[in-house]
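Asks:
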Amino acid sequence: MRKIALLAAAVLAGVVFSSASTQATVVFFDDFNSGASAAWGNERGNWRADGGIYDATNPNNTPTTYTSVTTLPALTDFVVDVDVNGVNDGGVWLRSSFSSGTINGVLLVTGGFSGVNNGLYWHTVVNNGFSGILNNGLVPGLQGSNVHLRVVVSGDTYSAYVNDALLTTLTTSLFSSGHVGLYDFSPITKSSTPRGQTFDNFQLSVAQVSVAEPGVLGLVALGLAALRLARRGSA
Numbered sequence: 024m025r026k027i028a029l030l031a032a033a034v035l036a037g038v039v040f041s042s043a044s045t046q047a048t049v050v051f052f053d054d055f056n057s058g059a060s061a062a063w064g065n066e067r068g069n070w071r072a073d074g075g076i077y078d079a080t081n082p083n084n085t086p087t088t089y090t091s092v093t094t095l096p097a098l099t100d101f102v103v104d105v106d107v108n109g110v111n112d113g114g115v116w117l118r119s120s121f122s123s124g125t126i127n128g129v130l131l132v133t134g135g136f137s138g139v140n141n142g143l144y145w146h147t148v149v150n151n152g153f154s155g156i157l158n159n160g161l162v163p164g165l166q167g168s169n170v171h172l173r174v175v176v177s178g179d180t181y182s183a184y185v186n187d188a189l190l191t192t193l194t195t196s197l198f199s200s201g202h203v204g205l206y207d208f209s210p211i212t213k214s215s216t217p218r219g220q221t222f223d224n225f226q227l228s229v230a231q232v233s234v235a236e237p238g239v240l241g242l243v244a245l246g247l248a249a250l251r252l253a254r255r256g257s258a
């Protein structure tokens with residue numbers, strides 16, 4: 024019985040002292056209403072924030088446009104939320120890097136195919152070398168529409184949601200951390216707005232694990248268990 028009581032007390036102590044919760048903490052946000060945040064690198068593409076939206080004035084994929092949140096260079100697991108206006112051909116860089124013109128990372132393409140694809144797909148990029156098209160998830164009528172895009176990166180899994188609906192995932196172990204950024208290759212033609220695809224309300228969140236303080240009732244229960252154990256030991 025004494026061993027059982029000891030075990031029960033230990034289990035109770037574990038429950039009391041190890042309660043934890045995971046919450047998402049916003050680490051970066053830009054609505055572009057006052058121009059672009061100074062954190063944006065504008066590495067390639069001559070990006071602008073005008074009229075509360077963000078895009079490249081020189082959209083291209085040879086070489087590929089790139090602008091990253093430079094203040095967060097080593098993101099591992101995170102969530103990207105962004106409004107994409109006039110979907111055409113652009114995307115989001117994930118766990119990426121840009122050094123002397125060389126890009127590495129995962130690219131989620133929104134639209135694509137020079138503005139005719141109604142879907143989202145992935146590339147892995149190693150030293151400017153692009154993989155083939157990976158896991159193209161289709162959305163009828165996506166071209167030219169305004170959508171909310173969410174990308175969840177956890178471990179080796181990348182998940183893309185359009186208007187809160189999971190559309191496509193990618194699994195790769197090529198990159199463990201890096202920058203998050205944006206890509207723009209939308210011309211001012213096709214079915215998007217005259218300005219091409221633009222971005223708004225860009226947000227980055229990371230998971231924070233918080234350990235709860237031991238509750239009063241839990242401490243009382245633990246004390247009673249210890250008292251009973253002491254009485255039985257002295258009997």
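Residue numbers (my numbering): 24 to 258. Even glycine gets a Cβ: it sits at the ideal position worked out from N, Cα and C.
If we require 3 or more residues per run, which beta strand (DSSP E) segments fall completely within the region 150-176?
Replies: With a minimum length of 3 residues, the continuous beta strand (DSSP E) runs that stay inside the region 150-176 are 157-161.
Asks: Excluding the 5 residues flanking residue 163 on each side, which residues of the same chain have their C-beta closer than 8 angstroms to its C-beta?
Replies: So the list reads 141, once near-sequence residues are dropped.
Asks: Using only CA atoms, which one of 46, 104, 99, 114 lies nearest to residue 78?
Replies: The shortest C-alpha separation from residue 78 is found at 114.
Asks: Buried or exposed for residue 46, going by 16 or more other Cβ atoms inside 10 Å?
Replies: Under this definition residue 46 is an exposed residue.
Asks: Are the Cβ atoms of residue 106 and residue 186 separated by less than 7 angstroms?
Replies: Contact: no.
Asks: In the structure shown, what three-state DSSP assignment does residue 48 receive?
Replies: The answer is strand: DSSP assigns residue 48 an E or B state.
Asks: Examine the Cβ distances between the region 200-207 and the region 89-109 and report whether three or more of them are shorter than 8 angstroms.
Replies: A contact exists between the region 200-207 and the region 89-109.
Asks: Less than 7 angstroms between the C-beta atoms of residue 109 and residue 226, yes or no?
Replies: Going by C-beta atoms, residue 109 is not nearer than 7 angstroms to residue 226.
Asks: Given a cut-off of 7 angstroms, decide if residue 88 and residue 82 are closer than it, judged by their beta-carbon atoms.
Replies: It is a contact, given that the beta carbons lie within the stated cut-off.
Asks: Hey, could you find the ends of the beta strand (DSSP E) residue 71 is sitting in?
Replies: First-last of the beta strand (DSSP E) with residue 71: 70-73.
Asks: CA-CA distance, residue 126 and residue 86?
Replies: Looking at the two C-alpha atoms, the distance is approximately 10 angstroms.
Asks: Please report the residue range of the beta strand (DSSP E) in which residue 134 lies.
Replies: That run of the beta strand (DSSP E) goes 125-134.
Asks: Do residue 128 and residue 112 have their C-beta atoms closer together than 7 angstroms?
Replies: Result no, Cβ atoms of residue 128 and residue 112 do not sit closer than 7 angstroms.
Asks: According to DSSP, simplified to helix, strand and coil, what is residue 212?
Replies: Only weak support is given to the placement of residue 212: the predicted model assigns it a pLDDT of 49, under 50, and the value that follows is read from those uncertain coordinates. Residue 212 falls in the coil class under three-state DSSP.
Asks: Would you please state the rounded distance, in angstroms, between the beta carbons of residue 175 and residue 182? I believe it to be under 8 angstroms.
Replies: That pair is a contact at about 5 angstroms.
Asks: Using three-state DSSP, classify residue 55 as helix, strand or coil.
Replies: Residue 55 falls in the coil class under three-state DSSP.
Asks: Within its chain, find whatever has a CB closer than 6 angstroms to the CB of residue 135; leave out the 5 residues flanking it on each side and keep chain order.
Replies: Cβ neighbours of residue 135 beyond the five flanking positions: 112.
Asks: Going by C-alpha to C-alpha distance, which of 189, 124, 178 sits closest to residue 65?
Replies: The shortest Cα separation from residue 65 among 189, 124, 178 belongs to 124.
Asks: What residues are listed by DSSP as bridge partners for residue 114?
Replies: Answer by DSSP bridge pairing, in chain order: 132, 206.
Asks: Residue 143 and residue 193 - do their beta-carbons sit closer together than 7 angstroms?
Replies: No. Outside cutoff.
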